[in-house]
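Those sequence lines, one after another, are chains H and V. Position 371 of the first sequence, counted from 1, bears residue number 371 in this note's numbering, the numbering being contiguous throughout. Converting from the second sequence to this note's numbering requires adding 394 to each position, the first position being numbered 1.
2 protein chains.
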Amino acid sequence: MKVNKNYLKLEESYLFSTVNRKVREYQAKHPDKDIIRLGIGDVTIPICQAAIDAMHEAVDDQSRKETFHGYGPEQGYDFLKESIQKYYKKNCDVELELNEIFISDGAKSDVGNILDLFDKDNTVLVPDPVYPVYVDTNTMDGRKIVYIDANEENKFLPEPDENIKADIIYICSPNNPTGAVYDRAGLKKWVDYALKNDAIILYDAAYECFISDKNLPRSIFEIEGAKKCAIEFCSYSKTAGFTGTRCGYTIVPNTLEYEGIKLNKLWLRRQTTKFNGCSYIVQKGAAAVFSDEGLKQIEKNIEYYKGNAKIIADVLDEKGIFYTGGKHSPYIWLKCPNSMGSWEFFDYLLNEIQVVGTPGEGFGKNGQGFFRLTSFGNREKTIEAMERFRKLIK
Amino acid sequence: MKVNKNYLKLEESYLFSTVNRKVREYQAKHPDKDIIRLGIGDVTIPICQAAIDAMHEAVDDQSRKETFHGYGPEQGYDFLKESIQKYYKKNCDVELELNEIFISDGAKSDVGNILDLFDKDNTVLVPDPVYPVYVDTNTMDGRKIVYIDANEENKFLPEPDENIKADIIYICSPNNPTGAVYDRAGLKKWVDYALKNDAIILYDAAYECFISDKNLPRSIFEIEGAKKCAIEFCSYSKTAGFTGTRCGYTIVPNTLEYEGIKLNKLWLRRQTTKFNGCSYIVQKGAAAVFSDEGLKQIEKNIEYYKGNAKIIADVLDEKGIFYTGGKHSPYIWLKCPNSMGSWEFFDYLLNEIQVVGTPGEGFGKNGQGFFRLTSFGNREKTIEAMERFRKLIK
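Right, dumping it as structure tokens:
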């Protein structure tokens, strides 16, 4: 039996293990010091009451013969797809057919599994810095990957380059790790490039709920032509604290066609063959998130995180430090002061003020000299961390 | 962008849609007739109280900051892996390391996704008749598929044939659709074949809980050498009624190595890259299934289904009809009486006694002239259906 040798080309990432080791070692040497973690990429606020109530009801459904749910549709229950359809209409005035919406156990699964539909002989365009999953999943398949620079010059929002030919394009907006958000004109350039080059955009909208400005696009389908060149991935993880509860959704337009083949049909076939649906209990919870009551409750949580982000951003503004994100994103991506390297700055903050962030170079070469802070922590701790930061950085 | 053209080679299955259409049409013409469905492949008994209680607790955990669970380990929580480790020890005296156990949202996902680890240039051996997912998932990757006949002659338990060379071998025991179960000697032949030919066995143990005879193997790892040539898939779907709640587990031994590459490491990398763990709430429920109380409760449910199977099997014994399954499986796979074809027999049962089963030819050419009945229905309905059957078949 021959193994898929592409796995041997995967690079090990030591980013978070190195961060954790350094923090552990520092704490062991300085047990009295109060370390504040602003590097955390996971939510900390519990799930909203509407979703909790719905999941209790769903668990009870599974305990009674009359309400018991066995196998459901692999692509998700209509009750959940209808709530997403309404959310799109209300959130960004995008009309979706029910069969264009696919429910899953999370965006990470879908972002990886969607590659089943594409030939190995396609060139993939990935921005640098990047969420490593885009690179690793394509490396596993042996696809050629080309990079486009996201940097201070383009404010971490690279534009298409006609000299770079690519078939599959990854865009994450609001971006992880940089927090940068494309405006409509910026996204339009990518849609035009994709349509012209017969390419597909894989659009990661996992952080769309952090967008405050009504003029910024929350879905790529707000852009004319996108339904002919894009698939959109979204998730309840950051929107509603479902990182451990697991639910996501993927939009594959009926009008998306390559070589005369409808991708919606292929994805349906992939999901009905290799997936058996997201848990009924979890789908019930997710549907409650987009109820009127649920939307009010999650809005409060998102505002809390945004408040943290503003506390961080205000100090950076005060210090005149270049950064992206923080306004429409839980991430703040800052240029390390005094030309420090990103690991150098990591050590400096840990040693001097016991604040932990994530060194930018862990996300690619353009992350050198940059640093990621996140707003998923506790309010008081965030205030305290940024007070220490204010005193330290001249 | 080039599409994965292997998808165009997939055959559409009209098996269940045709069954449903025929039943619908018959009912419309005969609204007064009481149709009994013995074709159902889904469980009908609600989830046991121990798991229900655990899931309510887990939902509450997600509602409070102190007990909230965000991202968990992609390969599953130790509390669940430990319960599976104990279950294997107790159920079939197999010792597993915790890192050999991977939790997922279900066996169907794992059976499909495991193929990521294998080169396209491998030959796949599939028994006929077969659960269609084994064929479709390999067709999607473009692998060569060869078939081995399961038939009346070998009691639907084919033995390895040294003239057929294969790298990836599918075995499902107790089998879907035939209900046939390999004994230790039968499985040993396959393990020996795999070891000799450097092949891998993908062992689907989704129905192991239906095995009553202590002499029959519940896990392929009961067979000497299997930890060097097999991956085992299992699920809470049939064991504990989790078809809609979704949880499964896959065992990849640390000793499983091809071309010097450990498959356990590759699967860990696959799962950490393309999956984000099964829902915390569901994992809590699954762990309760294998508690002392949970095991007692599911045993009662399994006995109920087995009782239905015995009612079906007893009538077939009385009539002298050849069948497999029914004793250690929820499926009964019978030879259609009077040399009828499987669709002919389907129509005959529907028209004469309003009993619905599944025509065997939907599972492959060796299913011609065979018919599948299942024990997942209601006791009274099963008795009634088999009473009608007894009167009809001479």
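For every residue, glycine included, the Cβ atom is placed at its ideal position computed from N, Cα and C.
A distance below 7 Å between beta-carbons, with the five flanking residues on each side excluded, links K582/V to the following residues of its chain, in chain order: I617. Secondary structure note for V505/V: it is in no beta strand (DSSP E), and the uninterrupted alpha helix (DSSP H) holding it is A501 to N507. Within chain H, the residues placing a beta-carbon under 8 Å from that of L511/V are V3, N4 and Y7, ordered along the chain. Sorting K759/V, Q677/V and S503/V by C-alpha distance to the C-alpha of A448/V places Q677/V at the top. One alpha carbon belongs to S173/H, the other to K65/H, and they sit about 44 Å apart. P440/V reaches chain H at Q62, S63, R64, K65 and F68, counting residues in chain order whose Cβ is nearer than 7 Å. The straight-line gap separating the alpha-carbon atoms of P158/H and I542/V is approximately 54 Å. Secondary structure of G435/V (DSSP, three-state): coil.
In this structure, I441/V sits near S63/H, with a CB-CB distance shorter than 8 Å. Between I281/H and chain V, the shortest Cβ-Cβ separation is below 8 Å.
Contact annotation: Q75/H and F102/H have beta-carbon atoms nearer than 8 Å. Y170/H sits away from L216/H, with the two beta carbons spaced by 8 Å or more. Note on geometry: alpha-carbon atoms of S736/V and C234/H lie some 45 Å from one another.
What S109/H touches in chain V, judged by beta-carbon distance under 8 Å, is K668, F669 and N670, going in chain order. Minimum Cα-Cα distance from L350/H among the listed residues N4/H, Y14/H, F16/H and V23/H corresponds to V23/H. Between G294/H and A28/H, the C-beta gap is not smaller than 8 Å, which leaves the two residues out of contact. Under the rule that a run must span 3 or more residues, the beta strand (DSSP E) segments found entirely inside the stretch 634 to 661 of chain V read 642 to 645.
Beyond the five residues adjoining it in sequence on each side, E602/V comes within less than 6 Å, by CB distance, of R612 in the same chain, given in chain order. About 14 Å separates the beta carbons of L786/V and L728/V, which is beyond the 8 Å limit, so they are not a contact pair. In this structure, the CA atom of C278/H is about 12 Å from the CA atom of T272/H. Here DSSP, grouped into helix, strand and coil, assigns S83/H to helix.
Taking the CA atoms as reference points, L490/V sits about 29 Å from K108/H.
Residues of chain V with a Cβ closer than 8 Å to the Cβ of V43/H are, in chain order, G464. The continuous beta strand (DSSP E) containing A230/H extends over residues A230 to S235. Judged by their CB atoms, I625/V and I594/V are nearer to each other than the 8 Å cut-off. In this chain, R143/H is not harboured by any beta strand (DSSP E), its DSSP state being neither H nor E. In this structure, V488/V lies away from G506/V, with their beta-carbon atoms at least 8 Å apart. Pairwise C-beta distances place the stretch 349 to 369 of chain H in contact with the stretch 380 to 389 of chain H, as three or more of them are shorter than 8 Å.
For V252/H, the CB contacts under 7 Å within the same chain, skipping 5 residues up- and downstream, are E100, F102, I231, L263, N264 and W267 in chain order. Contact with chain V is absent for H328/H, since none of that chain's Cβ atoms lies less than 8 Å from the residue's Cβ.
Here the alpha carbons of G369/H and Y331/H stand approximately 16 Å from one another.
A distance below 6 Å between beta-carbons, with the five flanking residues on each side excluded, links N301/H to the following residues of its chain, in chain order: I45. Secondary structure of S104/H (DSSP, three-state): strand. About 5 Å separates the Cβ atoms of F740/V and P753/V, confirming a contact at the 8 Å cut-off.
Note on geometry: alpha-carbon atoms of I605/V and A574/V lie some 11 Å from one another. With a threshold of 8 Å between beta carbons, T633/V makes no contact with chain H.
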